[in-house]
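Quick note on numbering: the sequence shown equals residues 2 to 89 in my numbering. Encoded as structure tokens, the structure appears first; notes follow it.
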Amino acid sequence: MQRMMVAMCMETIRCLEDGIVSTAIEADMGLVLGIGFPPFRGGALRYVDSLGLSQFCEIADKYAGLGELYQPTAKLRDMASANETFYS
């Protein structure tokens, strides 16, 4: 399950970074309403925030050998080191 969550979360993060979606809430609502992401989790980016970006990067690093999809982006690592979140 963790491996699949990392892939989904990283793809959502890339969509936000690439401007495919404008805000974290837009991305998360798309997941909840579009693919049935569990509403009590709030979406992929809310889930990442609940873990903490640093911890999420550590988890993703365990799977980084599986391909680029699993590798945290430079911007995500910067956000993690600055203790930032996707939601205020």
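Glycine included, each C-beta is placed from N, C-alpha and C at the ideal position. Treat the numbers as computed from the prediction; the structure is a model and nothing was measured.
Straight-line Cα distance separating residue j from residue i
i, j, result
"Ile60", "Gly31", "24 Å"
"Tyr88", "Leu67", "28 Å"
"Ala25", "Leu17", "7 Å"
"Lys63", "Ser51", "19 Å"
Backbone secondary structure at residue i - three-state DSSP
i, result
"Val49", "helix"
"Glu85", "coil"
"Phe38", "coil"
Environment of residue i [buried if 16+ CB atoms lie within 10 Å]
i, result
"Asp116", "Residue 116 lies beyond the stretch modelled for the chain, which goes from 2 to 89, so this question has no answer here."
"Arg47", "buried"
"Ala83", "exposed"
"Ile14", "buried"
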